[in-house]
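A.B. asks: When the letters of the sequence shown are read in order and numbered with this note's numbering, they come out as residues 10 to 356. Structure in structure tokens, see below.
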Amino acid sequence: MRANIVSIARFEPSSRPILAEGAGAAYAAVAIAWIIALLGVAARHLTIAVDEFAMAAVIVGAPIGMGLCLRGRGLDRLGTIAQGCGLFMAGCLGMTLLTFVLGTADRPLVDPVLAAIDRTLVPTLDWPAAMLWLSHRASLMAAANWVYESIGWQPVLLIAILGQSGQEHRVWTFLTAWLVTLFVTCALFALFPGIGAYAYFGMAAADVPAMRDPTPWHQAALLAELRGGTLHHVGFVDLDGIVTFPSFHAAAAVILAWAAWSLRAIRWPAIVLNGAMLVSAVPIGGHYLIDIVAGCVVAALGLAITRRIAEPSSAGRTAYRPPSRRVSAATQLARSIVLPSGSRASR
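Set out below in structure tokens:
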């Protein structure tokens, strides 16, 4: 009992760093994404379902807050994993909302140009015929669906493995690269909007029954509503991918493979999986071939920018520490009561 009282008496606010070196860039990117998105919502006269987004904020904020507490108590690896997963979700939500804001612009659709570039790259390509051929290969389409959807769990698993293996800086570099690449993707989407190959070639979901992901058709409908001004209120459940060019699935595949390269045990499986995800973006995501090429270029650009802003300096930057506070009078009183005369609680 006395030991417990002494333990309580010795408790002081932790001065351990709660933000690791390199984490600041990822936090800043998430904050900037949300600020721009919310300012855009107001500027474009949109509204959002406040209750739904508030609930989402609680869901994504919980692991971030937990991660900060864990790091403050010395559990750095668990803290990094929790913060990383929370920031990943927060960043993706903010960026998706930003694409909805950008989707309200009335710039000309670039689908005819993208299709023409594809024909130049591969003169023999008949995109609709190729998709119809694939639709009759159930096992192949099932595999393509699975690897395409792996973008939902791969980043979280990778953050967990990197964090548990002690590669804390790699976690933050990966997250920063992911978010920077999303910024570049959003900028290009604003300049070059498209409805996707399925909609452009007039293919309905019924034409490709093996497709499990309805996003290519939702994308065209959502973009039409945003551009036409008929979608004014955005709910959390409305958020979906609406970007055709460049393919973020392709960009994500490159970034995920790069981040996994430092993990010898999963290096090659990750490369194979993400290579397959990159290819699956054509039939499952309804992308043009040039979308895939552009996505890879955008990923390379995002990684290059991230290395400039997120690499540790030779001067050895210190992580953020919460300000230290003096021991309270109550703590001093508790020490004087439970500690023998002349003893001193270690600080």
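All C-beta atoms, glycine included, are put in the ideal place defined by N, C-alpha and C.
Taking only three categories from DSSP, how would you classify T56?
C.D. replies: strand
A.B. asks: Check for me: the alpha helix (DSSP H) holding R273 runs from which residue to which?
C.D. replies: No alpha helix (DSSP H) contains R273, which DSSP labels as neither H nor E.
A.B. asks: What runs of the alpha helix (DSSP H), each 4 residues or longer, lie entirely inside the segment 37 to 88?
C.D. replies: 59 to 81
A.B. asks: Roughly how far, in whole angstroms, is the beta-carbon of V291 from the beta-carbon of I301, given that I think they are within contact range, below 8 angstroms?
C.D. replies: 7 angstroms
A.B. asks: Using only CA atoms, which one of T239, L166, D249 and G294 lies nearest to P255?
C.D. replies: Ranked by how close their Cα comes to the Cα of P255, the residues T239, L166, D249 and G294 have G294 in first place.
A.B. asks: Exposed or buried, what is R82 when buried is set at 16 or more other beta-carbons lying within 10 Å of its beta-carbon?
C.D. replies: exposed
A.B. asks: Please state the DSSP three-state secondary structure of H362.
C.D. replies: Nothing in the structure corresponds to residue 362, since the chain is present only between 10 and 356.
A.B. asks: To the nearest angstrom, how far is it from the Cα of A37 to the Cα of F183?
C.D. replies: When rounded, the distance between both Cα atoms is 14 angstroms.
A.B. asks: Please identify the residue among V165, Y157 and V69 whose C-alpha is closest to the C-alpha of F257.
C.D. replies: Of V165, Y157 and V69, the smallest CA-CA separation from F257 is found for Y157.
A.B. asks: Assuming A266 and A279 make a contact with CB atoms under 8 angstroms, what is their CB distance in whole Å?
C.D. replies: 6 angstroms
A.B. asks: Quick one: residues in its chain with C-beta nearer than 6 angstroms to the C-beta of L191, no 5 flanking neighbours on either side, listed in chain order?
C.D. replies: M104
A.B. asks: Quick test of the definition: if touching needs 3 or more C-beta pairs under 8 angstroms, does the segment 53 to 62 touch the segment 132 to 146?
C.D. replies: no
A.B. asks: Here's a check: name, in chain order, each residue in its chain whose Cβ is nearer than 7 angstroms to the Cβ of A285, leaving out the five neighbours to either side.
C.D. replies: V156
A.B. asks: State the Cα-Cα distance for the pair V252 and I204, rounded to the nearest angstrom.
C.D. replies: C-alpha separation (whole angstroms): 8 angstroms.
A.B. asks: Looking at the secondary structure, which residues open and close the alpha helix (DSSP H) in which D127 lies?
C.D. replies: D120 to L130
A.B. asks: When you compare the segment 169 to 189 with the segment 87 to 100, are there three or more beta-carbon pairs, one atom per stretch, that lie closer than 8 angstroms?
C.D. replies: yes
A.B. asks: Here's the rule: buried if 16 or more other CB atoms are within 10 angstroms of the residue's CB, otherwise exposed. What is V67?
C.D. replies: exposed
A.B. asks: For the putative contact between V193 and V307, defined by C-beta atoms under 8 angstroms, what is the C-beta separation to the nearest angstrom?
C.D. replies: Indeed, because the Cβ distance is near 5 angstroms, the residues count as touching under 8 angstroms.
A.B. asks: H54 to T239, Cα distance in whole Å?
C.D. replies: 12 angstroms
A.B. asks: Along the chain, where does the alpha helix (DSSP H) that runs through A230 open and close?
C.D. replies: T224 to G237
A.B. asks: Among G70, M98, T108 and L28, which residue has its Cα nearest to the Cα of V243?
C.D. replies: With distances taken between Cα atoms, V243 lies closest to T108.
A.B. asks: Closer than 6 angstroms by C-beta to G172: which residues in its own chain qualify, once you throw out the five before and the five after it? Chain order, please.
C.D. replies: R86, T89, I90 and V180
A.B. asks: Would you give the residue range spanned by the alpha helix (DSSP H) that F183 belongs to?
C.D. replies: E177 to L200
A.B. asks: By the three-class DSSP mapping on this structure, what secondary structure does L96 have?
C.D. replies: helix
A.B. asks: Alpha carbons only, please: which of A51, I73 and M98 is nearest the one belonging to L188?
C.D. replies: For the residues A51, I73 and M98, the minimum Cα distance to L188 belongs to M98.
A.B. asks: Taking the alpha helix (DSSP H) that S174 belongs to, which residues open and close that run?
C.D. replies: From DSSP, S174 is part of no alpha helix (DSSP H); its letter is neither H nor E.
A.B. asks: Identify which residue in L47, I45, V50 and L102 has its Cα closest to the Cα of G70.
C.D. replies: L102
A.B. asks: When you compare the CB positions of L272 and I168, do they come within less than 8 angstroms of one another, or not?
C.D. replies: no
A.B. asks: Going by DSSP, what residue range makes up the alpha helix (DSSP H) through Y297?
C.D. replies: No alpha helix (DSSP H) contains Y297, which DSSP labels as neither H nor E.
A.B. asks: S148 lies in the alpha helix (DSSP H); which residues open and close that run?
C.D. replies: A147 to E158 is the extent of the alpha helix (DSSP H) around S148.
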